[in-house]
Every structure is written in C-alpha cells, then in structure tokens.
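Chemist:
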Amino acid sequence: MEILVDLRCLQDENYAYRGVGFHTSTLLLLGRKFLSPDTKLVGLIDPSMPDVSDEHHSLVDEFRSYYATARLGETGCFIQTSPMTHDPSRCGALVANLNVYSAAIVYDFIPLDLPKRYLPTQSAATCYAEQLAWLRGYDHYFAISESTAKLLVEVLNVDRRDVHVTGVALRKSFESIAISLANPTSIVEPNEQKLMTQSEDRLRSACAMGRAQNHASKIVISGETPYIVSVGGDDPRKNLDVLLAAHAQLSHRSRVIVIGKYTDSSIDRMYELYSQYGGRKSQLQFLKGITDDQLAELYRNAECSVCCSEMEGFSLPVLEAIACGCPTILSDNAAHRELVSDEDAFFPPGNIDALVRRLDLFLNDASRREKLFCSQSEMPKRFLAVEVTKRFWYPITKALQTRQGVQRRSVHNSFRRRNRFQKPRLAVVSPFPPDASGVADYTRKSVESIGRLVDVDVFTDSSNP
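Here the sequence shown is numbered in the working numbering, starting from 2 and rising by one per residue.
1) Buried or exposed: F460, going by 16 or more other Cβ atoms within 10 Å of its Cβ?
2) Please identify the residue among P48, M50, T40 whose C-alpha is closest to the C-alpha of D62.
3) Closest to I80 by CA distance: which of S231, Q132, L8 is it?
4) With a CB to CB cut of under 6 Å and the five nearest residues on each side skipped, what residues in its chain are close to L28?
5) Can you tell me where the beta strand (DSSP E) with Q250 in it begins and where it stops?
6) So which of D436, K239, D140 has the shortest CA-CA distance to L99?
7) Which whole-angstrom value describes the C-beta separation of F143 and A104, a residue pair presumed to lie in contact below a C-beta threshold of 8 Å?
8) Report the option in L133, A336, A69 whose CA atom is closest to the CA atom of P89.
9) Keeping to the same chain, check which residues put their C-beta closer than 6 Å to that of L182; ignore five residues upstream and five downstream.
10) List the residues that DSSP assigns as beta-bridge partners of S181.
11) What number of angstroms, rounded off, separates the C-alpha of S342 from the C-alpha of S376?
12) Find the nearest neighbour of H248 within the set P425, G279, K117, G20, judged by alpha-carbon distance.
13) Taking the CB atoms as reference points, tell me whether K45 and A71 lie closer together than 8 Å.
14) Rank D13, L11, M2, L31 by C-alpha distance to the C-alpha of E388 and give the top, closest one.
15) Just to confirm the assignment, what range does the beta strand (DSSP E) spanning E63 have?
16) Hey, A293 and F433 are a contact pair by Cβ (cut 8 Å); roughly how many whole angstroms apart?
17) Between D269 and S276, what straight-line distance do the alpha-carbon atoms span, to the nearest angstrom?
18) Can you give me the C-alpha to C-alpha distance between Y129 and G138, rounded to a whole angstrom?
19) With distances taken from CA atoms, which of S438, S447, D458 is nearest P425?
20) Going straight from the alpha carbon of N465 to that of T127, what length do you get?
21) Do you know how far the Cα of G439 is from the Cα of V166?
22) Grab the span of the alpha helix (DSSP H) containing L30 for me, first residue to last.
23) Can you grab the Cα-Cα spacing for the pair S306 / H337, in whole Å?
24) With DSSP run on the structure shown, which of helix, strand or coil describes A336?
Right under this line is the structure:
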C-alpha cells in the first residue's frame with residue numbers, strides 16, 4: 002500500500018527548517034515504527050520548486066510530482082502536511098478521490114482572528130477562503146493543539162470525532178535535556194531513542210548549515226549579570242514590545258536576550274523603545290542564527306523565559322524552555338493554557354504593568370522560580386517525539402485497516418455529498434442585465450451557455466436581474 006505525503010513544505014526554505022518542516026520531518030522519521038513493512042511512503046513534490054534537501058530524502062521511499070493521481074489498488078492514504086501554505090488545489094484529485102483516505106495537519110487559524118494583519122487585501126482573503134474550502138474536504142484532521150481542534154470544528158463545522166490532537170514534538174537537543182532532567186522510566190525505549198538520535202542528527206546538521214552566522218561567541222552564558230530569554234520573530238503578534246517595556250522598568254539588574262529573525266529597522270526600533278522606558282542598551286541583546294544546542298544552553302542558564310505572544314496554534318518556545326529546565330512566564334492565551342496550569346505564571350496579553358509585577362516577583366526570589374519550574378516540569382514528557390508520532394499514526398493505521406477512509410462520514414463535506422448525478426456549482430460575481438454594459442450582456446450569455454453543465458449562482462448589484 003502507498004501513503005502519499007505532500008512535501009512541498011520541505012521544498013520551501015520558509016518552512017523546511019521551521020515549525021512546519023520539523024513537525025513533518027518528525028512524523029515521517031518515526032512513522033516506520035507504526036506502519037506495516039509493505040507500506041510505501043511517497044513524497045509529492047513540485048518540480049518547479051527547489052529540490053528537497055539530501056537530509057529529507059531519507060524520509061520517504063520515493064518522490065513523485067504532486068500532479069500524480071492515486072493508483073487504483075495501491076494508494077490508500079493522502080496526507081496534507083501544510084494545507085494553508087501552498088496551493089491546495091494541486092492535490093485536489095487526491096482529496097476528492099472516494100477511494101483514498103485523506104488527512105490534513107492543522108496548525109492554527111490566526112489569520113481569521115487578525116484579518117487586518119494577515120489578510121490585508123481582498124486577494125489574500127479570497128486565497129485564504131479557498132484554502133479553508135479545500136481543508137473542509139478531508140476525512141480526518143490532526144490538530145497541533147486542543148485550541149486549534151476546537152476552532153477547526155467551529156470554523157469548518159466538521160465532526161469532532163474526525164479530529165485528533167497530536168501536539169508538536171521536542172527536537173533532539175531539547176528532548177535529550179528533558180529526559181535527563183525528568184529521568185522518566187519506560188517513556189522511550191532504547192531502540193526508539195537510538196532511531197531518533199541517528200536520524201535527527203542529520204536534520205540538526207542541516208538546520209545549522211542553513212542558518213546565518215553563528216553568534217554563540219557573543220553570548221555570556223554565566224557571569225555576574227543574570228538574564229532572561231525570549232524567543233520569537235519579527236511579528237507584532239509576538240508582543241516583544243511588552244516584554245521590553247516591562248523589563249526596562251525593573252530595578253532588578255538583569256539582561257534580556259532576544260532570539261529570532263528581526264530586521265535591522267525592527268531592532269533599532271526595539272532599542273529605542275527600551276530606552277524610552279528607562280532601559281540601557283547594554284541590557285538588551287538580539288541573537289539570530291544559533292543552533293538548537295546553543296539555544297538549549299541559553300535556556301539552561303537563564304533566570305526565566307518570557308513568552309508574550311498574543312495568540313498561537315502551539316507554543317514551541319514555552320515547551321522548549323521548560324524542557325531545558327527554564328521556568329517560564331507567559332501571556333494568557335488558549336495555547337499557553339494547554340501547556341501550563343500554574344496561575345502564577347500568567348499575565349494578561351499586552352498588559353505591561355502585570356508583566357512588571359510578575360518579573361519583579363520571580364527575578365528577586367529564587368525559591369519562587371524553583372517552585373514555578375516544579376509546577377511546569379512534567380509537561381515536556383507529553384511531547385517526546387515518539388509520543389507525538391504515535392498520536393499521529395495510530396488513527397491513520399487503524400482507519401486504513403478497517404477501511405474507514407472510504408466511508409466518508411461527514412455530511413458537511415462538500416466534496417463527498419455530491420453524487421455523480423449532481424452538477425457542479427459555480428459562483429459568478431458580475432454586472433448583469435438590466436444593467437446596460439458589455440460586461441453585463443457577456444455575463445448573461447455566458448451563464449446561459451454554461452448553465453447546461455453547471456448550476457450557476459450569480460451575485461450582482463443589478464436591480465431586478
């Protein structure tokens with residue numbers, strides 16, 4: 002049997018070694034443990050995009066163009082690894098195929114919550130709506146968090162029974178530390194750990210080579226001046242301004258190390274904001290291009306980590322910091338609530354004064370920091386790579402074994418509910434008679450002609466069309 006996997010995210014440098022790419026790689030890397038020996042993993046790629054890296058070639062048995070169709074009697078499943086980043090229609094034939102069990106990984110619906118920021122144009126909004134329409138056509142969904150699963154049901158009106166929550170796996174550098182700190186028993190078998198280590202080493206090496214200049218020499222890991230860490234990116238949603246404004250007002254002598262890709266203009270703006278609130282430039286440092294091992298060491302030696310994000314689908318910085326033994330203070334949002342339960346760790350998103358109080362409380366009291374970490378320390382065990390991978394592949398293998406994939410349970414699925422005798426539906430937005438224009442007349446004639454093949458809905462501002 003074949004399982005087809007859309008791997009365009011691994012061809013795109015914007016995703017290959019970021020969250021989407023690492024999640025996809027981990028699921029494929031350990032997927033062999035949960036699949037029968039005769040199962041063939043086939044990666045679907047876009048010939049017009051860059052080649053998949055050598056490190057990612059080992060994740061599948063074969064590569065094909067995404068124009069490939071299901072092979073009768075061979076193709077059992079299609080997995081969409083990133084439905085909202087690349088043209089979903091390219092794999093539409095597989096999604097619509099009644100004989101193929103289709104599954105999609107779902108990360109978040111942040112653009113719907115912040116449309117002015119992420120969907121600023123009509124074109125962007127239309128493209129996103131098209132992606133949502135295609136997403137509704139899958140048989141099963143794998144959300145990275147409970148909050149994403151809840152939104153998935155609300156937005157697409159799918160059956161909650163068709164949604165599983167996997168979480169996101171820790172990468173090797175952070176997982177190794179989490180295991181050594183927790184010293185769990187029977188969580189990862191020796192052979193499983195060996196498999197993860199050997200394979201992930203290749204991905205870690207590729208990640209390091211693909212990153213910018215190594216800034217490790219500029220990092221003072223230990224010394225008289227303690228520091229806090231914040232990992233994010235050049236996106237207003239990450240709310241770095243809140244952390245800098247809060248920290249600048251503290252009497253506690255500490256530094257802030259900000260890790261992520263920020264433009265020079267953004268960094269200049271952050272330094273200016275930090276100074277306006279009373280901070281000194283020497284207390285603030287920006288780093289980018291560091292490896293996972295270097296980031297893990299930064300976490301291990303920090304007083305605490307702070308995550309100020311307005312909203313997330315899942316928060317890797319929170320997971321990774323705690324896995325490395327770093328107590329974490331975080332904004333109160335749904336994704337963060339799934340990871341941390343201690344009320345003392347939270348502050349309202351965007352509330353500078355509340356964060357000042359939290360930082361002042363924990364930076365001046367080592368016992369409070371220790372207590373905070375103790376309340377968070379068990380969480381990373383849920384996101385060991387083998388556990389996340391198991392939550393992904395078990396439902397798929399069960400469905401394929403029982404052939405649930407061809408039953409198409411969801412009555413809301415626009416692809417499935419159309420029987421072979423129904424005509425497709427077409428929406429047309431256009432002037433229409435009695436408006437006097439060439440476009441209106443052309444539309445009327447076109448609708449009359451194509452109406453023999455499809456059902457047409459015309460949306461128009463014309464009066465009495």
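Just so you know, even glycine gets a beta-carbon here, dropped at the ideal spot from N, CA and C.
Modeler: Walking through what the data contain:
1) exposed
2) T40
3) L8
4) If the five residues before and after L28 are omitted, its C-beta is found closer than 6 Å to the C-beta atoms of T390, F393, all from its own chain and listed in chain order.
5) Taken as a continuous stretch (DSSP letters only), Q250 belongs to no beta strand (DSSP E), as it is neither H nor E.
6) Out of D436, K239, D140, D140 has the C-alpha closest to the C-alpha of L99.
7) Their Cβ separation, rounded to whole angstroms, is 6 Å, which keeps F143 and A104 in contact under 8 Å.
8) L133
9) G326
10) Its beta-bridge partners do not exist; DSSP assigns none.
11) Counting only the Cα atoms, S376 lies some 8 Å from S342.
12) G279
13) It should be pointed out that residue 45 corresponds to Leu in this sequence rather than to Lys. Contact: no.
14) L31
15) 63-66
16) Contrary to the premise, residue 293 reads as Asp rather than Ala in this sequence. Wrong, their Cβ atoms sit about 58 Å apart, outside the cutoff.
17) Rounded to the nearest angstrom, the two C-alpha atoms are 11 Å apart.
18) 15 Å
19) With distances taken between Cα atoms, P425 lies closest to D458.
20) Near 27 Å, if we compare the C-alpha coordinates of T127 and N465.
21) 53 Å
22) 20-30
23) 13 Å
24) helix
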